[in-house]
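In full-length UniProt numbering, the protein residues as written are 1 to 142.
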(Lines of atoms letter the chains of each structure in order from A and count residues from 1; the text may use other names and numbers.)
(Lines give C-alpha, C1' and ligand atoms only; values in the text may rest on other atoms or scores of the structure.)
Protein backbone atom coordinates (compact mmCIF):
# COMPACT_ATOMS: atom_id res chain seq x y z
CA UNK A 1 0.00 0.00 0.00
CA UNK A 2 2.08 2.83 -1.26
CA UNK A 3 0.42 6.18 -0.62
CA UNK A 4 2.36 7.71 -3.52
CA UNK A 5 1.31 4.97 -5.97
CA UNK A 6 -2.02 6.11 -7.47
CA UNK A 7 -2.49 2.73 -9.15
CA UNK A 8 -2.57 0.90 -5.80
CA UNK A 9 -5.62 2.76 -4.51
CA UNK A 10 -7.21 2.89 -7.95
CA UNK A 11 -7.10 -0.89 -8.28
CA UNK A 12 -8.54 -1.31 -4.79
CA UNK A 13 -11.37 1.14 -5.41
CA UNK A 14 -12.24 0.16 -8.98
CA UNK A 15 -15.83 -0.43 -10.10
CA UNK A 16 -15.06 -2.99 -12.81
CA UNK A 17 -13.52 -6.44 -12.51
CA UNK A 18 -9.86 -6.99 -13.37
CA UNK A 19 -8.96 -7.95 -16.91
CA UNK A 20 -8.26 -11.61 -17.57
CA UNK A 21 -5.85 -13.12 -20.08
CA UNK A 22 -7.75 -13.83 -23.29
CA UNK A 23 -10.58 -11.54 -22.23
CA UNK A 24 -14.16 -12.46 -21.47
CA UNK A 25 -15.74 -13.71 -24.67
CA UNK A 26 -19.05 -15.02 -23.36
CA UNK A 27 -21.99 -12.70 -22.96
CA UNK A 28 -25.27 -13.13 -21.12
CA UNK A 29 -28.16 -10.81 -21.83
CA UNK A 30 -30.83 -10.32 -19.18
CA UNK A 31 -34.06 -8.46 -19.76
CA UNK A 32 -35.61 -6.74 -16.76
CA UNK A 33 -38.55 -4.48 -16.09
CA UNK A 34 -38.04 -0.77 -15.52
CA UNK A 35 -38.55 -1.27 -11.77
CA UNK A 36 -36.04 -4.13 -11.67
CA UNK A 37 -33.52 -2.05 -13.62
CA UNK A 38 -33.98 0.83 -11.20
CA UNK A 39 -33.47 -1.48 -8.20
CA UNK A 40 -30.38 -3.06 -9.78
CA UNK A 41 -28.85 0.33 -10.55
CA UNK A 42 -29.60 1.60 -7.04
CA UNK A 43 -28.02 -1.50 -5.46
CA UNK A 44 -24.97 -1.20 -7.71
CA UNK A 45 -24.61 2.51 -6.94
CA UNK A 46 -24.88 1.80 -3.21
CA UNK A 47 -22.14 -0.83 -3.55
CA UNK A 48 -20.03 1.43 -5.77
CA UNK A 49 -19.86 -1.12 -8.59
CA UNK A 50 -21.40 -1.66 -11.99
CA UNK A 51 -24.68 -3.57 -12.33
CA UNK A 52 -22.82 -6.34 -14.12
CA UNK A 53 -20.23 -6.67 -11.37
CA UNK A 54 -22.96 -6.68 -8.72
CA UNK A 55 -24.80 -9.51 -10.47
CA UNK A 56 -21.66 -11.59 -10.98
CA UNK A 57 -20.47 -11.04 -7.39
CA UNK A 58 -23.81 -11.95 -5.87
CA UNK A 59 -24.20 -15.01 -8.05
CA UNK A 60 -20.68 -16.49 -8.13
CA UNK A 61 -19.38 -15.58 -4.68
CA UNK A 62 -19.16 -18.64 -2.40
CA UNK A 63 -21.10 -16.77 0.28
CA UNK A 64 -23.19 -14.65 -2.12
CA UNK A 65 -21.61 -11.57 -0.58
CA UNK A 66 -22.68 -8.08 -1.44
CA UNK A 67 -19.75 -6.06 -2.81
CA UNK A 68 -18.43 -3.55 -0.31
CA UNK A 69 -19.52 -0.01 -1.04
CA UNK A 70 -17.10 2.66 -2.19
CA UNK A 71 -17.35 4.62 1.06
CA UNK A 72 -16.50 1.51 3.08
CA UNK A 73 -13.55 0.76 0.79
CA UNK A 74 -12.23 4.31 1.12
CA UNK A 75 -12.61 4.17 4.91
CA UNK A 76 -10.86 0.78 5.08
CA UNK A 77 -8.06 2.05 2.83
CA UNK A 78 -7.56 5.13 5.01
CA UNK A 79 -7.54 2.99 8.14
CA UNK A 80 -4.91 0.70 6.59
CA UNK A 81 -2.77 3.73 5.64
CA UNK A 82 -3.11 5.10 9.18
CA UNK A 83 -2.01 1.76 10.61
CA UNK A 84 0.94 1.61 8.26
CA UNK A 85 1.99 5.09 9.35
CA UNK A 86 1.60 4.13 13.01
CA UNK A 87 3.79 1.06 12.55
CA UNK A 88 6.39 3.12 10.67
CA UNK A 89 6.47 5.67 13.51
CA UNK A 90 6.92 2.94 16.08
CA UNK A 91 9.80 1.52 14.05
CA UNK A 92 11.51 4.91 13.99
CA UNK A 93 11.08 5.33 17.75
CA UNK A 94 12.45 1.86 18.50
CA UNK A 95 15.40 2.50 16.18
CA UNK A 96 16.19 5.73 18.05
CA UNK A 97 16.03 3.93 21.39
CA UNK A 98 18.26 1.13 20.10
CA UNK A 99 20.79 3.66 18.77
CA UNK A 100 20.91 5.42 22.15
CA UNK A 101 21.18 2.13 24.04
CA UNK A 102 24.06 1.01 21.80
CA UNK A 103 25.97 4.28 22.12
CA UNK A 104 25.55 4.68 25.89
CA UNK A 105 25.55 0.96 26.81
CA UNK A 106 22.38 1.36 28.89
CA UNK A 107 18.68 1.03 28.25
CA UNK A 108 16.97 4.45 28.25
CA UNK A 109 14.09 5.23 30.61
CA UNK A 110 11.74 5.62 27.60
CA UNK A 111 12.12 1.94 26.71
CA UNK A 112 9.20 0.77 28.89
CA UNK A 113 6.92 3.47 27.46
CA UNK A 114 7.94 2.51 23.91
CA UNK A 115 7.15 -1.14 24.60
CA UNK A 116 3.76 -0.12 26.01
CA UNK A 117 3.15 1.88 22.81
CA UNK A 118 3.93 -1.17 20.71
CA UNK A 119 1.43 -3.19 22.76
CA UNK A 120 -1.26 -0.52 22.29
CA UNK A 121 -0.61 -0.36 18.55
CA UNK A 122 -0.77 -4.14 18.26
CA UNK A 123 -4.09 -4.13 20.14
CA UNK A 124 -5.50 -1.49 17.75
CA UNK A 125 -4.35 -3.40 14.70
CA UNK A 126 -5.70 -6.68 16.07
CA UNK A 127 -9.06 -5.05 16.83
CA UNK A 128 -9.22 -3.60 13.32
CA UNK A 129 -8.48 -6.96 11.70
CA UNK A 130 -11.06 -8.67 13.90
CA UNK A 131 -13.62 -6.00 12.98
CA UNK A 132 -12.95 -6.41 9.26
CA UNK A 133 -12.98 -10.20 9.24
CA UNK A 134 -15.56 -10.55 12.06
CA UNK A 135 -15.13 -14.31 12.04
CA UNK A 136 -14.07 -16.27 15.14
CA UNK A 137 -11.91 -18.56 13.01
CA UNK A 138 -9.83 -15.58 11.85
CA UNK A 139 -9.40 -13.92 15.25
CA UNK A 140 -5.82 -13.04 16.04
CA UNK A 141 -4.19 -12.09 19.29
CA UNK A 142 -6.89 -13.60 21.52
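We treat Cβ as the ideally placed atom computed from N, Cα and C, and that holds for glycine.
Following the continuous alpha helix (DSSP H) through residue i, name the residue where it begins and the one where it ends.
{"i": "residue 33", "result": "Here residue 33 belongs to no alpha helix (DSSP H), and DSSP marks it neither H nor E."}
{"i": "residue 57", "result": "51-60"}
Using the rule of at least 16 other Cβ atoms within 10 Å of the residue's Cβ for burial, across every protein chain shown, is residue i buried or exposed?
{"i": "residue 75", "result": "exposed"}
{"i": "residue 54", "result": "buried"}
{"i": "residue 44", "result": "buried"}
For the putative contact between residue i and residue j, defined by C-beta atoms under 8 Å, what is the C-beta separation to the nearest angstrom?
{"i": "residue 128", "j": "residue 79", "result": "6 Å"}
Is the region 86-97 touching the region 39-56 in the sense that three or more CB pairs, one from each, lie closer than 8 Å? no
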